[in-house]
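Quick note on the working numbering: the sequence shown kicks off at 10 and runs consecutively. Idealized CB from N, CA, C, for every residue including glycine. Report on one structure; see the data block that follows.
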Amino acid sequence: MMLVIACILLVLTALPVEAGNGGAPDRDSQHIGALKDQVLDSELVRISRDSQIGRPTSEAHGAQFSGGRVAVTLQVAGDTAATAAALVQRGISVANIGQQSIEAFISPEALATLASIPGVQQARALQPPIGLTVVSQGAAIIGAPQWNQHGYTGVGVKVGVIDLGFTGFSALIGSELPVPTTHCYRGIGQPTSDMSACEQGGVHGTAVTETLMDIAPDASLYIANPQSLLDLHDAVSWMISQGVTIINHSVGWTWEGPGDGSSPYPDGALAAVDQAVAAGITWVNAAGNEGLSTWTGPWSDRDGDGVMEFSGNVERNAISVLSGNEIILQARWQDSWSNAATDLDLYLVSASGEVLRASEKPQRGLAGQTPFEFLRFTPTTTGPFYAVVRLYGGTPPAWVQVQEFNGWSLAYSVPAGSIANPAESASTGMLAVGASPWNQPHVIQPFSSRGPTRDGRIKPDVVSLDSADTVTYGPSGFPGTSQASPHIAGMAALVEQRFPTYHPDEIAAFLKAQGDRSATPDNTWGAGLVRLPDIMDGQNPTPAIVTTTPSALFLGTHPPMLTISGAGFVSGAVARVNGEDRATTLISPAALSVTLVERDIAAIATLRVTVFNPEPGGGISNGVDVKVLDAPTADTSAFIRTWQRTDEPVHQMAVVRTWMWGDDPFTGPLIEPYAESPGNQRVVQYYDKSRMEITHPDADARQLWYVTNGLLVTELITGQMQVGDASFEPHDPAAINAAGDPDGTTGPTYATFAGLLDTPPLDDGAVIVQQVDRAGTVTSDPNLAGYSVTAGFHVQQPGLDHRVASVFWEFMNSDGLIYRDGEYVVDKLFENPFYATGYPITEAYWTRVKVGGVEQNVLIQCFQRRCL
């Protein structure tokens, strides 16, 4: 490496000037270390610098220009609208405004002024998406024709294709393709319904759509070609408004997080996936074609020169590229994505050691600085060229990842962990699709991106076929996960037509269950090559598992119970643990209750859970892993203290009143996923009446809200299971009795109240005589006035407007015997009246239910945390 450094120093002092370019050549050798700026990324520093010396900036590599202005993405701290207004006042053209970012066009001469505009935290050259490419024969192999013959052709299903360009699309309408509904972009932030604006940017999207329509020929088609991340969010919002329920996205974006499915950017591609899935859209994404163009490994610098070694003493990773082909490099490493303090720089060098392009963003622990470097360069000669990583400052990271993002192989590559963005998403309603050639369907394409994700999840989710015929690319002319993905998207459309009540996570689970490796998924194949099962009238479906509750167990959990959520469960369905049957109760076609045996939880282990549906048809589902862990280290004594306050006096029969939580917990401490908790998991414990949870174990355990009980009733009524402060998994509302005996058939279930959440409140002091039945029908019975219960305290919160029934309000504010600090005292039952219940989400209703087998009138009102 000393020779390379010497070469660089030599070039610094004597670089020839190329004739006819109006100035210095497009090289970075004479600027080593000079591209660091607190606001501008290295590309923008380069453009700003070149504008000052008169070099034609519109010829610069790695940036988009329009009318002499460069496209930029600005990360904003604070009010984006106010920052946008300030930009406009300075003559800067604003194209899109997001939650924490702005996309704009700015003259090169004005780039240096961005640092003085309030709110602008970071500025980088706007990067467009990358297409993941290196009737389809795949249709027959994956079983689509048999489904088509049974009428499952995608009819009634709206599918969306979000891609780069749809050149040549119009010429195929009526033969290969239907007439689409369009949301095209003439430029960044310029949507239009004019189809001609989609027929630019290449043929990639046209070929993708051909493949999808081969599988689901009668689906309604919607297309969009966003040119930026905020365009992507706009396209998703448009598809949601149009009722699209399947999106294919054979596109990748630059990295926006550490690779574990998380991102600090609410305007990023991962957030777009979450937005779509939350709206009921199944998102299908190409896994990426970077299996041979990604390197991941520990930081190594044996000779101590500050330059990372990729293998042994090799400090340069070769990329062989022909003249005129663009190289796109990106690097990330172990550090905080909010204030990175380890400063690495990324270089592209020639065989002689000349630095052709540099990315030198500063990472000094300041807000908004991320562990990420990115560069683009189009050589005018044939390679090889070399990627080099240098430590500029800070502590060497535990790991580094380098990727050539335009499909060129690295001499030293590590396929593991090469999954693309947003294919790395943790959303259960998204499928990342790897590729296998149609004529060798049991061989994985060597370039197909692989897992695991940085947090250990298996990727891809499934595999489908590529290199099949299209009119656009010709015979066998479409290799890449870009073609594999629309095969799966087409299948998703057929599944949705056949099972119209399935949510995105259930469609995804169903397709995983059809993978030929679903019982033993891995980070090359995921659940395997998907083939739709043969359809025969009267057959039971193949079951599919979405998740289990809990997702992990502790040693000795009692009782050892699991709830399996999924789709296609039938009478006689049996859950299996490591291949052995377990006692199983069918709750609904989407839920099973399973009783484990003691040996399942006797040792630290991983339990493989599957579901078997009996004949006719039927079969075995995909498998999910449930880990048995050692006892949690969280201080669960806080659970005990919370329970003791109100329920210890009841337990000791020192007072007669209802339980707040229940006599004893019916589970031990459990782990549930939660995005904002350490390790994305929190400790919970279930009681008869509610649950307790510790979401932030590092908080003050003495504070009232250290132990909370979530919004369980809201989740049961809406079907939206909360897995983070702003993250939800969609499920069906719970058809479980909300009042009375568990086997009752007349009273309301939680699902009953789904249609009553927006019922306006009664007048203050109005006597409550309204009653509700199981179907959610509300009537009035004047005889109920004899109970003298009135509409009381008025609660108005965002999205909530209800009155608390007088008897409940009295109870929530009552004094009573409590247990505190080892002694019984009389005090408020609740330090905050809404602590145990949350705010009301329904009005109060009378209903007829059986209590202890005797039918009687019961008053019920549901709050966020529990129903009273």
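Span separating the alpha-carbon of residue i from that of residue j
| i | j | result |
| --- | --- | --- |
| G211 | Q155 | 33 Å |
| A4 | P138 | As shown, the chain starts at 10 and ends at 877. That puts residue 4 outside it, with no answer to give. |
| F383 | I337 | 8 Å |
| T594 | G577 | 14 Å |
| T142 | Q73 | Because the pLDDT of T142 is 48, which lies under 50, any placement of that residue in the model is unreliable, and the number read from its coordinates should be weighed accordingly. Distance between the alpha carbons of T142 and Q73 is about 22 Å. |
| G152 | L541 | 5 Å |
| Q130 | Q108 | 14 Å |
| N448 | A228 | 27 Å |
| T404 | V397 | 18 Å |
| V835 | V716 | 22 Å |
| D734 | G160 | 42 Å |
| V423 | V168 | 35 Å |
| L638 | T676 | 14 Å |
| G489 | F414 | 14 Å |
| S476 | G808 | 50 Å |
| I680 | E318 | 40 Å |
| M10 | D314 | Low confidence applies to M10: its pLDDT is 29, below 50, so where it sits in the model is not reliable enough to give any reading. |
| Q865 | P739 | 34 Å |
| V603 | W264 | 40 Å |
| S736 | V633 | 21 Å |
| V144 | F508 | The predicted position of V144 is uncertain, since its pLDDT is 45 and thus under 50; a value taken from the coordinates is nonetheless stated next. Computed Cα separation, rounded: 25 Å. |
First through last residue of the beta strand (DSSP E) which encompasses residue i
| i | result |
| --- | --- |
| E702 | 700-703 |
| R466 | It is not in any beta strand (DSSP E) - R466 carries neither H nor E in the DSSP assignment. |
| Q130 | 129-134 |
Residue interval of the alpha helix (DSSP H) (run including residue i)
| i | result |
| --- | --- |
| M248 | 238-251 |
| I497 | 490-507 |
| F817 | 815-821 |
| V282 | 278-287 |
| D514 | 513-522 |
| E52 | 51-61 |
| R650 | 646-660 |
| I726 | 721-727 |
| V97 | 89-98 |
CB of residue i within 8 Å of CB of residue j, strictly
| i | j | result |
| --- | --- | --- |
| Q548 | G626 | yes |
| P849 | V804 | yes |
| Q523 | V164 | no |
| L96 | A113 | yes |
| S345 | L355 | no |
| Q870 | A814 | yes |
| T305 | Q372 | no |
| N622 | I554 | no |
Helix, strand or coil at residue i [DSSP, three-state]
| i | result |
| --- | --- |
| V13 | Reliability of the predicted coordinates at V13 is poor, the pLDDT of 30 falling under 50, and the value obtained from them is presented with this limitation in mind. Helix at V13. |
| M570 | strand |
| S602 | strand |
| K859 | strand |
| Y395 | strand |
| D223 | helix |
| V164 | coil |
| G764 | helix |
| F175 | coil |
| W156 | helix |
| D7 | Only positions 10 to 877 of the chain appear in this structure, which leaves residue 7 out of reach. |
| T7 | Nothing can be reported for residue 7: it is not among the residues displayed for the chain, which extend from 10 to 877. |
| T123 | According to the sequence shown, residue 123 is Leu rather than Thr. Of the three classes helix, strand and coil, the one that applies to L123 here is helix, per DSSP. |
| A80 | strand |
| M317 | coil |
| T387 | coil |
| V579 | coil |
| M439 | strand |
| P117 | helix |
* Cβ contact check for the region 253-265 and the region 211-223: 3 or more pairs under 8 Å -> yes
* Asked: With a cut-off of 8 Å, do at least 3 Cβ pairs link the region 655-673 to the region 585-599?
  -> no
* Asked: With a cut-off of 8 Å, do at least 3 Cβ pairs link the region 349-366 to the region 428-448?
  -> no
* To do: Answer yes if the region 290-304 comes into contact with the region 454-473, meaning at least three C-beta pairs across the two stretches below 8 Å, and no otherwise.
  => yes
* Inter-stretch contact (C-beta, 8 Å, three-pair minimum) for the region 860-874 and the region 722-733 -> yes
* Asked: Do the region 557-564 and the region 597-616 make contact, defined as three or more Cβ pairs closer than 8 Å?
  -> yes
* Asked: Would you say the region 520-538 touches the region 464-471, given that touching needs at least three Cβ pairs under 8 Å?
  -> yes
* Any 3 or more C-beta pairs closer than 8 Å across the region 837-846 and the region 782-800 -> no
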